[in-house]
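Single-structure report; data block below.
Number of protein chains: 2
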Amino acid sequence: MKVYLAGPDVFLPEHGAAIAAEKKRICALHGLEGVFPTDPRHDPAADAAAEAWYGIYLRNEAHLRACDALIANLTPFRGPSADAGTVYELGFMRALGRPVMGYSNAGRDFAQRTLAFLGNHARRDAAGRWTDGEGMSLEEFGLVDNLMVDGGIRAAGGRLPVREVTGEARWTDLAAFEACVAGLARLKG
Amino acid sequence: MKVYLAGPDVFLPEHGAAIAAEKKRICALHGLEGVFPTDPRHDPAADAAAEAWYGIYLRNEAHLRACDALIANLTPFRGPSADAGTVYELGFMRALGRPVMGYSNAGRDFAQRTLAFLGNHARRDAAGRWTDGEGMSLEEFGLVDNLMVDGGIRAAGGRLPVREVTGEARWTDLAAFEACVAGLARLKG
Numbered sequence: 001m002k003v004y005l006a007g008p009d010v011f012l013p014e015h016g017a018a019i020a021a022e023k024k025r026i027c028a029l030h031g032l033e034g035v036f037p038t039d040p041r042h043d044p045a046a047d048a049a050a051e052a053w054y055g056i057y058l059r060n061e062a063h064l065r066a067c068d069a070l071i072a073n074l075t076p077f078r079g080p081s082a083d084a085g086t087v088y089e090l091g092f093m094r095a096l097g098r099p100v101m102g103y104s105n106a107g108r109d110f111a112q113r114t115l116a117f118l119g120n121h122a123r124r125d126a127a128g129r130w131t132d133g134e135g136m137s138l139e140e141f142g143l144v145d146n147l148m149v150d151g152g153i154r155a156a157g158g159r160l161p162v163r164e165v166t167g168e169a170r171w172t173d174l175a176a177f178e179a180c181v182a183g184l185a186r187l188k189g
Numbered sequence: 190m191k192v193y194l195a196g197p198d199v200f201l202p203e204h205g206a207a208i209a210a211e212k213k214r215i216c217a218l219h220g221l222e223g224v225f226p227t228d229p230r231h232d233p234a235a236d237a238a239a240e241a242w243y244g245i246y247l248r249n250e251a252h253l254r255a256c257d258a259l260i261a262n263l264t265p266f267r268g269p270s271a272d273a274g275t276v277y278e279l280g281f282m283r284a285l286g287r288p289v290m291g292y293s294n295a296g297r298d299f300a301q302r303t304l305a306f307l308g309n310h311a312r313r314d315a316a317g318r319w320t321d322g323e324g325m326s327l328e329e330f331g332l333v334d335n336l337m338v339d340g341g342i343r344a345a346g347g348r349l350p351v352r353e354v355t356g357e358a359r360w361t362d363l364a365a366f367e368a369c370v371a372g373l374a375r376l377k378g
């Protein structure tokens, strides 16, 4: 079982080479093969792309289509939600009907994080529900992220473990990640 | 051609009923049928969901699978990137091989918005590239959002028009949206 390792890990120094190696090691311990977005891959369209960024896109898409499952690092990234590229890839693999799992190293739920982000712009409407300063509502379901994220993982039979890890260690602590790997290994077994 | 109308529009007052009606009107002018996420839909699994949020997820997924194309409102939402649910749906429809388009009513590119979000936490590394306060890199490709978003639309042959619309009007101005609708009508024709 080849597992696409989605996450903002690719933005870590050296394109996340250290975390990529550690995630692949954990996958191998459980009998799985981890595939990191930056792994080399021969793809004619990607190789022919005139622009570097589009070559990266096409290679990532080829990696996704060639993998059997996905684990997404959904730790909030520069705002209340997970990294946009990671969420795109999660939806992509769910649409293909393949197992998807996710984890987050932030303990607060999505509504709490959104309220913290809005600060004193948050207000309550006439019905007592939270909105932002422009009157747009918040999702108050006690979920990890937008309901499409939590829902896609549930619909796929996946796990979505959450751990509170403070500071920069939230980018390197892999306990919740390993719970996802164990879940996939069990699906496979 | 049924077009799924993805976007944070669902968070506008009354669940975006006014913008839903206007988007559907524009679709109809171009011979297309707009489908809004909150549109009623009989779906046995969604009807049986014990939790409201999961019923919403399942109904949205059923809408997506029943649509022929998607237009995503990618105007940045509570952070430098588009709404997470919208990005999930974009990846979902791209994986199914259906046409996807997007639009944004924010003129600044993704790197500029991320730098504004980071404020004085942004710094340059030894090679002169921007990172955040934790040393994680930025995408500096001059794109609308994370390269997976722009790349998915390009790979699908879609359009990604951008217009600078200031203030709350950015949630209601539909000129860029209509450019997407016209693009889909042309694909269909």
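Going line by line, the protein sequences match chains P and C.
Numbering (my numbering) for the first sequence: 1 to 189.
Numbering (my numbering) for the second sequence: 190 to 378.
All C-beta atoms in this analysis are idealised placements derived from N, C-alpha and C, irrespective of residue type, glycine included.
Please report the distance separating the alpha-carbon of residue i from that of residue j.
i: P80/P; j: R375/C; result: 37 Å
i: L218/C; j: K191/C; result: 13 Å
i: G34/P; j: A6/P; result: 10 Å
i: R137/C; j: V276/C; result: In the structure as shown, chain C starts at 190 and stops at 378, and residue 137/C therefore has no counterpart that could be examined.
i: E139/P; j: A126/P; result: 16 Å
i: A134/P; j: A116/P; result: A quick correction: the sequence has Glu, not Ala, at residue 134/P. If you take the alpha carbons of E134/P and A116/P, they lie about 16 Å apart.
i: G220/C; j: A48/P; result: 36 Å
i: V10/P; j: W360/C; result: 32 Å
i: G341/C; j: Y54/P; result: 9 Å
i: L225/C; j: Y193/C; result: A quick correction: the sequence has Phe, not Leu, at residue 225/C. Cα to Cα, the separation comes out at about 6 Å.
i: S104/P; j: R124/P; result: 28 Å
i: E14/P; j: G85/P; result: 18 Å
i: E240/C; j: W319/C; result: 43 Å
i: E22/P; j: A345/C; result: 34 Å
i: T227/C; j: S137/P; result: 14 Å
i: M168/P; j: G119/P; result: Correcting the residue identity first, residue 168/P is Glu in this sequence and not Met. Using only the alpha carbons, I get a separation of about 23 Å.
i: P197/C; j: F266/C; result: 7 Å
i: L213/C; j: A365/C; result: At residue 213/C the sequence reads Lys, which differs from the Leu that was named. Each residue's Cα considered, the two are about 15 Å apart.
i: Y57/P; j: G189/P; result: 32 Å
i: R94/P; j: C216/C; result: 28 Å
i: T303/C; j: T114/P; result: 17 Å
i: H310/C; j: A122/P; result: 24 Å
i: L12/P; j: C256/C; result: 37 Å
i: L332/C; j: L174/P; result: 31 Å
i: R154/P; j: L147/P; result: 10 Å
Find the residues of chain P that neighbour residue i, judging by a C-beta separation of less than 8 Å, and give them in chain order.
i: A273/C; result: S81, A82, A84, V87, D145, N146, M148, V149
i: R267/C; result: G79, P80, S81, T114, F117, L118, D132
Name the chain C residues whose beta carbon is nearer than 7 Å to that of residue i?
i: S137/P; result: F200
i: L5/P; result: Simply none; closest approach about 14 Å.
Closer than 8 Å by beta-carbon distance: list the chain C residues that pair up with residue i, in chain order.
i: E134/P; result: E357, W360
Closer than 9 Å by beta-carbon distance: list the chain C residues that pair up with residue i, in chain order.
i: P8/P; result: M325
i: L115/P; result: Within chain C, no residue comes near L115/P; the closest Cβ sits about 11 Å away, beyond 9 Å.
Can you give the beta carbon distance from residue i to residue j, rounded, assuming they're within the 8 Å contact cut?
i: R159/P; j: G183/P; result: 4 Å
i: D334/C; j: A271/C; result: 6 Å
i: E149/P; j: L96/P; result: At residue 149/P the sequence reads Val, which differs from the Glu that was named. Rounded, the Cβ-Cβ distance is 17 Å, inconsistent with contact.
i: F330/C; j: F92/P; result: That pair is no contact at about 20 Å.
i: T264/C; j: A295/C; result: 6 Å
Whose Cβ in chain P lies nearer than 9 Å to the Cβ of residue i?
i: R343/C; result: Y54, Y57
i: R283/C; result: E61, Y88, G91, F92, A95
Is the Cβ of residue i closer than 9 Å to any Cβ of chain D?
i: F141/P; result: The structure shown contains no chain D; the protein chains it does contain are P and C.
- Message: Tell me whether the segment 199 to 208 of chain C and the segment 105 to 115 of chain P touch, counting them as touching only if at least three CB pairs, one residue from each stretch, are closer than 8 Å.
- Response: The segment 199 to 208 of chain C and the segment 105 to 115 of chain P do not touch, with fewer than 3 CB-CB distances between them shorter than 8 Å.
- Query: Contact between the segment 230 to 250 of chain C and the segment 97 to 108 of chain P: three or more CB pairs below 8 Å?
  - Reply: Contact annotation: the segment 230 to 250 of chain C does not touch the segment 97 to 108 of chain P, with fewer than three C-beta pairs closer than 8 Å.
- Task: Select from the segment 239 to 252 of chain C all residues with a C-beta closer than 9 Å to any C-beta belonging to chain P, and list them in chain order.
- Result: E240, A241, W242, Y243, I245, Y246, L247, N249, E250: these are the residues of the segment 239 to 252 of chain C whose beta carbon lies less than 9 Å from some beta carbon of chain P, given in chain order.
- Message: Does the segment 225 to 245 of chain C come into contact with the segment 161 to 179 of chain P, if we say contact requires no fewer than three beta-carbon pairs (one atom in each stretch) closer than 8 Å?
- Response: Result no; under three Cβ-Cβ pairs closer than 8 Å.
- Query: Can you find at least 3 beta carbon pairs, one from the segment 63 to 78 of chain P and one from the segment 167 to 183 of chain P, that sit closer than 8 Å?
  - Reply: Touching, yes, given that three or more Cβ pairs across the two stretches are closer than 8 Å.
- Item | Selection of the segment 11 to 37 of chain P by Cβ proximity to chain C, strictly under 7 Å | Legend: CB atoms of the segment 11 to 37 of chain P lying less than 7 Å from CB atoms of chain C belong to residues F11, L12, P13.
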